[in-house]
Structures are given as C-alpha cells and as structure tokens.
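Report on the structure given below.
Protein chains: 2
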Amino acid sequence: MLVSNHARPTLEDVAARAGVSRATASRVLNASPRVSPEALEAVNAAVTALGYQPNRAARALVTRRTGAVAVLFSEPEPKIFDDPHFARLIRAGARALADMDVQMVLMLVHSPDDQARAHRFLAGGHVDGALVFAPHRNDELVSVVKKLPLPVVYAGKPWGSLRGMHLVDNDNEGGAVLATEHLKSLGRRKIVHVSGPLDELSAIDRLNGFKSALSLDDKGAARLTEDGGFTREGGRKAMSALLARVPGLDAVFVASDLMAAGALETLHEAGRRVPEDVAVVGFDDHVAIAEHTVPPLTSVRQDSDEQVKVMVEHLMKLLRDETVKKKQQMLPTVLVPRESA
Amino acid sequence: MLVSNHARPTLEDVAARAGVSRATASRVLNASPRVSPEALEAVNAAVTALGYQPNRAARALVTRRTGAVAVLFSEPEPKIFDDPHFARLIRAGARALADMDVQMVLMLVHSPDDQARAHRFLAGGHVDGALVFAPHRNDELVSVVKKLPLPVVYAGKPWGSLRGMHLVDNDNEGGAVLATEHLKSLGRRKIVHVSGPLDELSAIDRLNGFKSALSLDDKGAARLTEDGGFTREGGRKAMSALLARVPGLDAVFVASDLMAAGALETLHEAGRRVPEDVAVVGFDDHVAIAEHTVPPLTSVRQDSDEQVKVMVEHLMKLLRDETVKKKQQMLPTVLVPRESA
DNA sequence: CTTAGCGGATCAAAGGTTTTCATCGAGGAG
DNA sequence: CTCCTCGATGAAAACCTTTGATCCGCTAAG
Chain V
63 MLVSNHARPT LEDVAARAGV SRATASRVLN ASPRVSPEAL EAVNAAVTAL
113 GYQPNRAARA LVTRRTGAVA VLFSEPEPKI FDDPHFARLI RAGARALADM
163 DVQMVLMLVH SPDDQARAHR FLAGGHVDGA LVFAPHRNDE LVSVVKKLPL
213 PVVYAGKPWG SLRGMHLVDN DNEGGAVLAT EHLKSLGRRK IVHVSGPLDE
263 LSAIDRLNGF KSALSLDDKG AARLTEDGGF TREGGRKAMS ALLARVPGLD
313 AVFVASDLMA AGALETLHEA GRRVPEDVAV VGFDDHVAIA EHTVPPLTSV
363 RQDSDEQVKV MVEHLMKLLR DETVKKKQQM LPTVLVPRES A
Chain P
63 MLVSNHARPT LEDVAARAGV SRATASRVLN ASPRVSPEAL EAVNAAVTAL
113 GYQPNRAARA LVTRRTGAVA VLFSEPEPKI FDDPHFARLI RAGARALADM
163 DVQMVLMLVH SPDDQARAHR FLAGGHVDGA LVFAPHRNDE LVSVVKKLPL
213 PVVYAGKPWG SLRGMHLVDN DNEGGAVLAT EHLKSLGRRK IVHVSGPLDE
263 LSAIDRLNGF KSALSLDDKG AARLTEDGGF TREGGRKAMS ALLARVPGLD
313 AVFVASDLMA AGALETLHEA GRRVPEDVAV VGFDDHVAIA EHTVPPLTSV
363 RQDSDEQVKV MVEHLMKLLR DETVKKKQQM LPTVLVPRES A
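Chains as they are written, first to last, in our numbering: chain V, 63 to 403; chain P, 63 to 403.
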C-alpha cells in the first residue's frame, strides 16, 4: 500500500491511478483541449473513485488566484442588523457567489481598526476581487479600496469621482419620479418628502427625482423635505417636523420603507388617516415591512437580488479579464401599489 | 535593482533586507523563541519597510491550515432575511471571527444542491472548522457535517444524539420559566403559549419551560398552546386560534418577538387591550421589534452576540487542539420588562 | 530523403512558506 | 587547552498544483 489510507488524495495519486502523468491529469481538471479522450475518461474515473478534491492552497499558490471574493459593508453596525435591506444584500451575495463556486468572505468594516484590517487583508492578496457597499460621503473604505490594484464593483455610486469605477446602481431618481407622479395622479396637491441622509447619493438621487417631478427649485424643496436618516426613528421625527411646517400636506413620499413605517406611526398619532387624509409612498419595497404596516405600504421596488447578481457577474468578467461594455450599469425601479397610496 | 518594484515582497526579500536567512525571518513572523534580539529587530524593520504580507496560500500549503472558518445556515432563505435575528447572528460572527484574524466564509445551505456543495467544500479542506446554525429536525446539513473530520461548533442543540458534539445553547427553558413566572406574578390566571415549530429544540425547550412553570401535563398543555412557526404571520394565526379556544385568556407567552408582533396585531383586531386585558411576553428581545410594537414588548433576552462569541472562542480552542473543559455550554437568559406585561 | 508540422503526453521548474536537521560559535567545565 | 553543551542560524526538503518547454511518433510537403 503505497498510498496512505487516511490522507486526502493528491493529483499525483489520481494520475497514477489513471496511468498518466500529473500534468495530463491537471489538464483534464482544467478542461484543456489538448488531451485525448481515453486519458480524459481515465482521469475522470480516477477522480471520482478517489473522491479527489484539488488542493486550493496549492492551486492558489501557482495561479495567483484565490478563488475568493470579499464582500465589504461600511455601514455602522446597528444599522446593518436593524435594516432588513442588508440581510437581503448579504443573502443575495452569498447565493450569487456560491453559484459561481467562489468563496464569499464577508467583512463588516466600520471602525478605523476595521479599515486597517480590511486594507491589510485586501492588499495581502487574500481575495481576487471585492464587492463594496459604501454609500456614505468621504467613506474611508472607498479611499482605501480605490488605491488598491484590485478589481472592485461598487453597489450604487460611491461619493467622489466615478472615473473608471465599476458599479451597479438602481434608478433612484427614476423611482422617485414614479412615486411622486403617482401621488400627483391621485390628485394630491401638497406633497412632501422624507429624504435619506444627504451624505448618500442614493438619498440625493431620490430627492432630485422628487424635485424634478414637482419642478421645485432648491428653496421650494427645502421647505417640503426633511431628512429622516434612513432609520425608523428618523422617519417618525421627520414626519412630525413636516406636519408642523406644512400643516396642509396631503401626501408624502418617503425615501425608504423603514422610515415610512416610522412616518406612518407619526401620522396615526396625529390623527391623520392613511390614505384618505395623507397618501404615503415608500421606497425599497421591502416585503417584510411594506406588507405589515397599517395600511400596507405602496412602495418603489428596487430589485436588490438582481443588483447583487449583476454585480457578481460584472466582477467575474473583470476577473476573467473580459472587457465589459458598460462599466456603470443602472437597474430599473417600478412602483408596487398597495393601500397607502 | 534586483527586486522588481511592483511584485509583492516575499519572505525571501525580507530575509535579504534583514541580512538573515528565510528560516530566521519565518521564525520571527511565527514568534518562535529561538531567535536573537538583533535578528528579531532587523526582520521586523524589514517587514514594515517592505510592507510585507505573508502569502496565505503558501502558508496554507505547508501548514495544512487555511485560516478560514465556514459559517453555515440551513434556514430557508425567506426566513433568513425576514427575521432580524439572523442578520444579528451573521454580524456577530463576522465581528468575532475578524477579531481572531480568521476569514469568515458564509454559506447559506438550503436546497439539496447547496448541501452537496457544502459537502464538497467542507470535505475539500477549504476551511479549518465550521460554525453551524441548523436547528431543525433531521436537518441534512447536520448529518453531512457530522461525518466529516472537521471541528464544528453548533448553535443550540441540533436534533439527534448530542454525544461528543460541541455546542453553545441559550437557556431557553429557563427563559420560558422566567417569562411564565412573571405573568403569574402579575396575577394572571389563564396563561397561554404561542410556540415555535416543534421540529426545533429551542421551541420545544421554551414550551417545556412554559409547561413546568404551570405544572401542566401534556394534555393540559395541548389545549393552551399553539404553534406559530416562528413567523409573524404564524403568530397572528396562532393567537386567533387561542382566542377561539380559550376565550377567557388573560396572558400569553410568545416564543419569539416576531411572532409576538403578529399576536399583538391579532389582539388589537380582537379588541383586547394590552396589557390591561391580555399581558404579552415575547422571546429574543430583539430591539428592532420589541421597542416598536404597540405597546413595547416585554421579552426574554438571549444574548446572540455573546453566544456567537463563545462559539468562536470554543472553535478556536478546538483548532489549537486545546482541551475544552465543557463541550456543551449554556448561556443565561434574562427578562427585559417593557409595557406589554 | 529530409524536415516541418502536429497531436498529445511528459518533464521540470516555479510558486512562498514552514520545519527538520545539521552546523557554527561561544562559553563553561574539567 | 580540550571537550561539551546550548542557543542561534542556515540549507534544504516538503507541501501540491500549473504550465512552458520538450519530446515522441507520424504524416505530408519540399
């Protein structure tokens, strides 16, 4: 017995059993065309017989590829697990990467410590590429990642110059127009807006959509909008502020479902009926929220699963050195009507 | 210029610059004691000067260690991103593993395909160990993982024999007793229970706590409990069923916050005031839910962050071949009073 | 008859680290 | 002054795979 019985089989073992050289066996595994049908079959048989699994480390060493991709979130941690949106993104990433047989290495980077660690990790060549979720202005993570010679695809537009960056964004502005037009078509005349934090471009795009649908200038917009910070509590407060400032309001477009849930609470407390007195439209179409508010929330759907899938496909192309026709892609948004508007 | 200027520095480069051999440099990096202070300093200087990063693949190849750990969830996907509990677990895992400088490879395994992939992946030696979240009866994932020669720590008790298994559980039964005793101490006499799905041991433990606190036999318990499946919708329905079966009920212990949110909706619709007519206690103390129900939910806290942290520490010990005093650990639960009871 | 070409297999090097084993030098004991 | 011991160091093997260069046996073209 030359082969020890407990050690995992190596390519050498496979080759021996198939009666070919290591190199040929390797070619079979890598689907090289230059290999005879008999050899191919013999090797495949040996592989299944032995239950052979290529040694990832050895392969990585010579190919200089790790077969792993980092998924980075820069969001503050409380937000990450209060907002179901993140769970959804993570889930979609896990699935899409698994489908490609790529390892997903998840990193939540928030503190400066985390940033240093992320830098070390990415610079250390431990992954082939990265998916980055970092929406905030002056996000350190982006500047860290940007100067690394590493293929990266961003979710949404990171702050700063977009030159040469690869990203997949949702049509936030278009969705906001959709929402606002819908409210107009219901005959609403005093429409206000609870925005996200204005250090995120997605929030700004939604605000811009709102403004353009109503042909507002900056001054007019300032009176009719309030920042809700993309949190439930922020949504409550912003709604209160708007009620005080614009008592006659009859509709509100809220830039996220989570904030909309908060806004609805405020409206209830203020005795306004939804949708009779005030029509409400959210953004995200997050089922777990939108279907459970009172009343169920009309919302703009952005397909996060699709977004992440496209991001992964994009990154895979970069890794294969394929040329990508469009570095920056935009995904459509649609309105999902329920009962709140 | 012997050293190419763009390639990442190797240990050889570090050694050359420090004027020592590769072996000595390696010893410094691995904190071996048998190295002179001068050599140590020289190597460290060279490392920082060059910005050297060890090549993970090369190291893995020789040590037969990958420096990566798999985190496996067997939960059906919709649940994973509707229930904030999972986001919390994932977050905690990411943090705890990052603190140990270990890569976290996240896998969501649900379909038979996923199981096959997980098996291939784990058997392929691509990770040093695994954290497994698989609470359901006859979970394929558990049987797959169990027969692998891989250090594994489970979250909660997996179904089946526990012999030799490493796990970190919450004191579900104790928490349920706490909750029920609390309701008794409020003078409630007709207390009912919305349970989780009875193919999860955590749900069974909570049910058992409820039963023992009220000294119920199986028959009595059957009348006073209803399965809510750990979903919000299930909570609604279970509460309806209980209201029909036990019209005079004046308190309910619900085995999860998400279900409790549903149960509260049902109670409101039925015109029962909370807590005046019916006192409600949940389980999980998930802030994002418990603080936003109407009224805010009294709940049993299980510290998931702590649980995951302990799991990671436990796994690290296994990886270092340290003997662990207790293979199976139990974490305490406490009651967090709010307004619903 | 020589040689270029070709399909297909093999050889051997390379990739970066850890670790065993041997060596070297210094200092202490006899 | 010699012999030992011991700590620090270096040389080299081992880990497993990929891949460019080489080689072999033959056919077809010159």
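For each residue, glycine too, the CB sits at the ideal point set by N, CA and C.
Beta-carbon separation (whole angstroms), residue i vs residue j, contact threshold 8 Å
i, j, result
"D190 (chain V)", "R121 (chain V)", "The Cβ separation is near 12 Å, so there is no contact."
"L203 (chain V)", "A192 (chain V)", "Incorrect: roughly 10 Å between the Cβ atoms, too far for contact."
"V343 (chain V)", "S361 (chain V)", "7 Å"
"L159 (chain V)", "V131 (chain V)", "6 Å"
"L404 (chain V)", "K219 (chain V)", "No information on residue 404 (chain V) is available, as it lies outside the stretch 63 to 403 that chain V covers here."
"A217 (chain V)", "F315 (chain V)", "That belief does not hold up - the Cβ atoms of A217 (chain V) and F315 (chain V) are roughly 23 Å apart, past 8 Å."
"M301 (chain P)", "A325 (chain P)", "4 Å"
"G187 (chain V)", "T395 (chain V)", "Actually they are not in contact, since the Cβ atoms of G187 (chain V) and T395 (chain V) sit about 37 Å apart, beyond 8 Å."
"I351 (chain P)", "A323 (chain P)", "6 Å"
"L168 (chain P)", "L168 (chain V)", "5 Å"
First through last residue of the alpha helix (DSSP H) which encompasses residue i
i, result
"T328 (chain V)", "D319 to E331"
"A104 (chain P)", "P99 to L112"
"D367 (chain V)", "S366 to L381"
"V239 (chain P)", "N234 to S247"
"L393 (chain V)", "Not the alpha helix (DSSP H): L393 (chain V) falls in the beta strand (DSSP E), residues Q390 to L393."
"T86 (chain P)", "R84 to L91"
"D339 (chain P)", "No alpha helix (DSSP H) holds D339 (chain P); DSSP gives it neither H nor E."
"V76 (chain P)", "L73 to A80"
For residue i, the first and last residue of its enclosing beta strand (DSSP E)
i, result
"L224 (chain V)", "From DSSP, L224 (chain V) is part of no beta strand (DSSP E); its letter is neither H nor E."
"A313 (chain P)", "A313 to V316"
In chain order, what residues of the stretch 143-169 of chain V put their CB closer than 7 Å to some CB of chain P?
Those would be F143, D144, P146, F148, A149, R150, I152, R153, A156, R157, A160, Q165, M166, V167, L168 and M169, in chain order.
Name the residues in the stretch 333-356 of chain P whose C-beta lies less than 7 Å from a C-beta of chain V; which are they?
Answer set for the stretch 333-356 of chain P: A350 and H354.
Just to confirm the assignment: which complete alpha helix (DSSP H) runs, minimum length 4, are found wholly within the stretch 171-215 of chain P?
Counting only runs of 4 or more, we get 174-185 and 202-208.
Are there three or more Cβ pairs, one per stretch, closer than 8 Å when the stretch 288-297 of chain P is compared with the stretch 251-266 of chain P?
By the Cβ rule, the stretch 288-297 of chain P counts as touching the stretch 251-266 of chain P, because three or more pairs are nearer than 8 Å.
Anything in the stretch 297-323 of chain V with a Cβ closer than 9 Å to a Cβ of chain P? List those residues in chain order, please.
Within the stretch 297-323 of chain V, contact with chain P at the beta-carbon level (separation under 9 Å) is assigned to A323.
Taking 8 Å as the threshold, find out whether the stretch 361-371 of chain P comes into contact with the stretch 151-171 of chain P through three or more Cβ pairs.
Because the criterion of three Cβ pairs below 8 Å is met, the stretch 361-371 of chain P and the stretch 151-171 of chain P touch.
Output needed in chain order: residues of the stretch 101-119 of chain V with a Cβ under 9 Å from some Cβ in chain P.
Contact annotation: in the stretch 101-119 of chain V, residues whose CB is within less than 9 Å of a CB in chain P are G113, Q115, P116, N117, R118 and A119.
Residues within the stretch 183-200 of chain V neighbouring chain P, beta-carbon criterion of under 7 Å
Residues passing the 7 Å Cβ filter: A185, G186, G187 and H188.
Curious, which full-length beta strand (DSSP E) runs of at least 3 residues does the stretch 257-306 of chain V contain?
Entirely contained in the stretch 257-306 of chain V, the beta strand (DSSP E) runs reaching 3 residues are, in chain order, 287-289.
Extract the residue ranges of the beta strand (DSSP E) inside the stretch 116-166 of chain P, only unbroken runs of 3 or more that lie entirely within it.
Listed in chain order, they are 130-135.
Please specify which runs of the beta strand (DSSP E), each continuous and at least 3 residues long, are wholly inside the stretch 341-365 of chain V, giving them in chain order.
Annotation: the stretch 341-365 of chain V contains the following complete segments of the beta strand (DSSP E) (minimum length 3 residues), in chain order: 341-346 and 360-364.
Output needed in chain order: residues of the stretch 65-92 of chain V with a Cβ under 7 Å from some Cβ in chain P.
Cβ contacts with chain P: R70.
Output needed in chain order: residues of the stretch 219-233 of chain P with a Cβ under 9 Å from some Cβ in chain V.
Hits within the stretch: zero.
Contact between the stretch 103-119 of chain P and the stretch 78-94 of chain P is defined here as three or more beta-carbon pairs at a separation below 8 Å; is this criterion met?
Contact between the stretch 103-119 of chain P and the stretch 78-94 of chain P is present, because at least three Cβ pairs lie under 8 Å.
Evaluate contact between the stretch 160-168 of chain V and the stretch 88-108 of chain V, counting only Cβ atoms and requiring at least three cross-stretch pairs below 8 Å.
By the C-beta criterion, the stretch 160-168 of chain V is judged not to be in contact with the stretch 88-108 of chain V, since fewer than 3 inter-stretch pairs fall below 8 Å.
Kindly confirm or deny that the stretch 294-314 of chain V and the stretch 260-277 of chain V touch, where touching means at least three C-beta pairs closer than 8 Å.
Contact fails: fewer than three Cβ-Cβ distances are below 8 Å.
Give, in chain order, every residue of the stretch 240-273 of chain V whose Cβ lies closer than 8 Å to some Cβ of chain P.
When C-beta distances to chain P are compared with 8 Å, every residue of the stretch 240-273 of chain V stays at or above that value.
Touching or not, the stretch 347-361 of chain P and the stretch 313-333 of chain P, by the rule of three or more beta carbon pairs under 8 Å?
The answer is yes - the stretch 313-333 of chain P touches the stretch 347-361 of chain P, with three or more Cβ pairs under 8 Å.
Within 8 Å, do at least three Cβ pairs link the stretch 171-179 of chain V to the stretch 383-402 of chain V?
The stretch 383-402 of chain V vs the stretch 171-179 of chain V: no contact.
Using a Cβ-Cβ cutoff of 8 Å, what residues of the stretch 368-380 of chain P are near chain V? List them in chain order.
Taking 8 Å as the Cβ-Cβ cut-off against chain V, none of the residues of the stretch 368-380 of chain P qualify.
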